[in-house]
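Number of protein chains: 2
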Amino acid sequence: MPHREPGARSASVKDVAAAAGVSLGTVSNVLNRPDRVSPETREKVQRAMADLGFVRNESARQLRAGSSRTLAYVMLDAANPFFTDVSAGIDTAAEAAGLSLVLCNSRNSAEREQSHLTLLEQQRVQGVLVTPVDPESPALDEVARRGTPVVVVDRTRSDQSFCSVAVDDVLGGRLAVEHLVDRGHTRVAYVGGPAHLGQVRDRLQGARDAWAAAGRPAESLTWIETSALTVAEGREAGARLAGIPARRRPAAAFCANDLVALGLLQHAISSGVRVPEELSIVGYDDIEFAAAAAVPLTSVRQPRQLLGQTAAELVLDEASNPDHTHRQVLFTPELVARSSTQG
Amino acid sequence: MPHREPGARSASVKDVAAAAGVSLGTVSNVLNRPDRVSPETREKVQRAMADLGFVRNESARQLRAGSSRTLAYVMLDAANPFFTDVSAGIDTAAEAAGLSLVLCNSRNSAEREQSHLTLLEQQRVQGVLVTPVDPESPALDEVARRGTPVVVVDRTRSDQSFCSVAVDDVLGGRLAVEHLVDRGHTRVAYVGGPAHLGQVRDRLQGARDAWAAAGRPAESLTWIETSALTVAEGREAGARLAGIPARRRPAAAFCANDLVALGLLQHAISSGVRVPEELSIVGYDDIEFAAAAAVPLTSVRQPRQLLGQTAAELVLDEASNPDHTHRQVLFTPELVARSSTQG
DNA sequence: ATCGGGATTTGAAACCTTTCAATCCGCAAA
DNA sequence: TTTGCGGATTGAAAGGTTTCAAATCCCGAT
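These protein sequence lines map, in sequence, to chains A and B. In the working numbering, each number is its position in the first sequence, counted from 1, plus 42. In the working numbering, each number is its position in the second sequence, counted from 1, plus 42.
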């Protein structure tokens, strides 16, 4: 049982073969097709491996065998619980397929995203799932073109150059506002931004559709645009909302995600505005903290785990099925009503 | 610009060399020491690479060059914001050292942790940071013994067989309770569990120390033991707290982490208990959601990013410095007072 | 004794890149 | 004209594993 200094060369199959008094091919068989080798030999080899502290060199394995045993998910922001839930779904599917999942965090930076993608490509991972900073970026096409299966998660692309898995944001927006219409609201705020995000736009679109369908005048649906979808921005939006003269002030807010909704809720509570009596709030994503908020939040739930799981299945299909065709899967969101909207 | 089918063999340096009309060594030089090759040749080679969609094979590179360019962090639970903050710190340090960070999520399972460790070892990553399910597990020693640098993050080990980075939990417990003592509390609850977690025990120890030092009788510090450190368990603990007869009921609670504290807070608010007037709450970790809670939470802050950054530096030192000696770094926590304890 | 055939074991080739000593070339100095 | 020099380029070797056709072994059957 040697203690190897970090960096020291580790035992190779050749060393193991020598120590066990067998050929190199036999050691490999013990590793890959243990049934083909006699029990005694197998045992002898395994003992040698343990004695030498043998660790199979994955680079060499992969180089020769050609296939890697890992899947990767490049997350937009690991600090957002939504994405960690998605990753749990991916992990489940990966595990079922016998693959390991590695996560990379681009932390909202296109450069980091790019450098992760490059390395993963060079590592010849089985496939890459990515929630990109910018779904239209040509860098994604490059990766796919060079032969690595790519699936876009929780975003869509105008063209259909790869598989994607997302949730119907227009419908989600509609559900949220229909819920508020049902409760008799006549003045509603949509809180979210920045405007260039597809999701922000789609959810607003749905909100407007529902509003119009209910026969409400367009101008009674106010858009409070934020510069990011964060808790801090939600609080800030609360202040802006409070600044609107009471006569015209919306009595309900539909927020583009739960972080914003939580910020808004916090502002309301700390400034004495009762929720939902004076202000109803609908969030989006239904992250765990939504249900656990001081006033449990009504929210539009996305099937987060399923999102991840499906994405993983698509990428695996692309990696192994020669007749694979790209698909754009669109899931249906669901409204979860809680105290923040029930009087 | 070929579109390569997934799985199809990709262009190798040899193909590039042929296409560019140069030798194989020159292509390698373009890749690794661009300054050594004349501008015209370099350009020619680069064009060939682009045309063929060449992607360097990292396995082969690593096999030959012997060194990998990645660091790994095996997280206990990616869904806990505390750990994602730690990972951000690691990422910063890794980036500074020119390495990529990959994350693996063991999701509280020792088996998953083990299988990730094994794969990382086989990949010959530069080093592994890990917040283990069980810090005493011999599996960690095995990995280190076989030559992969290992640093334990946010946990400590009874022996000193590897580097570790943690925060002084006893001190943290003391700070929390001293704060409550300062505010005149005479009955306090410690909420957390399960008891076998080192952190749960250490924080309680600190709490008891401070309580005794203030001359309070031991029996006025109640331990409400939970079965996990989650929001749901916090709510549950709230119910148990409420069940204590008013005369003997603690008017302050020190929770073993913020998730528990948030659950407790939620229970208090929804059952009409005013915070902090009727119940003061102190959390632990100071995650982002603590400050953003309905009643902003007083919490014991751990230097999360610094924790990660330091761990990364230690593992890099171990990987590259022949005179490396193991170190146990212990950071000092800090109390952040907010509304949940100020009358 | 000999043979047949399944179970084991063997060893060389191949995977792709990096490294490094050797070669080449053009040009200035002698 | 020859030498010497430095920058650019070359090509073979090495790195650890898997694969696979070929060789060997071992038994029971003839």
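All C-beta atoms in this analysis are idealised placements derived from N, C-alpha and C, irrespective of residue type, glycine included.
Cβ of residue i less than 9 Å from any chain B Cβ?
| i | result |
| --- | --- |
| P364(A) | yes |
| Q344(A) | no |
| V230(A) | no |
| G280(A) | no |
| R386(A) | Since the first residue shown for chain A is 43 and the last is 385, residue 386(A) is missing from the structure and cannot be characterised. |
| H221(A) | no |
| G131(A) | no |
| S322(A) | no |
| G95(A) | yes |
| C146(A) | yes |
| H45(A) | yes |
| H227(A) | no |
| E137(A) | yes |
| A467(A) | Since the displayed chain A opens at 43 and closes at 385, residue 467(A) lies outside it and no answer follows. |
In three-state terms, what does DSSP make of residue i?
| i | result |
| --- | --- |
| R346(A) | helix |
| T272(B) | coil |
| D365(A) | coil |
| E267(B) | strand |
| L19(B) | Examination of residue 19(B) is not possible in this model, given that chain B is present from 43 through 385 alone. |
| G280(A) | helix |
| L171(B) | strand |
| T383(B) | helix |
| V357(B) | helix |
| V193(A) | strand |
| T134(A) | helix |
| A181(B) | helix |
| D77(A) | helix |
| A334(A) | coil |
| I311(A) | helix |
| F96(A) | coil |
I'd like to know whether the C-beta of residue i is nearer than 9 Å to at least one C-beta of chain A.
| i | result |
| --- | --- |
| P287(B) | no |
| H368(B) | no |
| N99(B) | yes |
| L143(B) | yes |
| H126(B) | The identity of residue 126(B) in the sequence shown is Thr, whereas the question assumes His. Yes, because at least one Cβ of chain A sits closer than 9 Å to the Cβ of T126(B). |
| R111(B) | yes |
| R154(B) | yes |
| R277(B) | yes |
Where DSSP assigns a beta bridge to residue i, which residues make up the other side?
| i | result |
| --- | --- |
| N147(B) | M117(B) |
| L377(B) | V342(B) |
| Q370(B) | S206(B) |
| D327(B) | R343(B) |
| F296(A) | Y232(A), V324(A) |
| T112(B) | S142(B) |
Taking a contact to mean a Cβ-Cβ separation below 9 Å, would you say residue i touches residue j in this structure?
| i | j | result |
| --- | --- | --- |
| V193(A) | V167(A) | no |
| A293(A) | L321(A) | yes |
| T126(B) | A249(A) | no |
| L105(B) | A208(A) | no |
| F96(B) | A53(B) | yes |
| R229(A) | T264(A) | yes |
| H45(B) | R243(A) | no |
| L356(A) | V371(A) | yes |
| V233(A) | L307(A) | no |
| F204(A) | L182(A) | yes |
| V172(A) | L161(A) | no |
| L358(A) | F373(A) | no |
| V185(A) | Y115(A) | no |
| Y326(A) | R245(A) | yes |
| Q164(B) | N99(A) | yes |
For residue i, return the contacting residues in chain A, with the cut-off set at a CB-CB distance below 9 Å.
| i | result |
| --- | --- |
| V273(B) | E330, F331, A333, A334 |
| I311(B) | I311, A336, V337 |
Residue i versus chain B: which residues are under 8 Å apart at the beta carbon?
| i | result |
| --- | --- |
| P123(A) | A121, P123 |
| R149(A) | A130, D133 |
| S157(A) | S142 |
At a CB-CB cut-off below 7 Å, which residues of chain B make contact with residue i?
| i | result |
| --- | --- |
| Q104(A) | S101 |
| E163(A) | V97 |
Residue i versus chain B: which residues are under 9 Å apart at the beta carbon?
| i | result |
| --- | --- |
| L307(A) | A336 |
Give a single yes or no on whether residue i has its beta carbon closer than 8 Å to a heavy atom of the ligand GDP.
| i | result |
| --- | --- |
| R187(A) | With respect to the ligand GDP, the structure shown offers nothing to examine, as it has no ligands at all. |
So with CB distances below 7 Å, who are the chain A contacts of residue i?
| i | result |
| --- | --- |
| L304(B) | A334 |
Which bits of chain A does residue i rub up against, with CB to CB less than 8 Å?
| i | result |
| --- | --- |
| S54(B) | Simply none; closest approach about 11 Å. |
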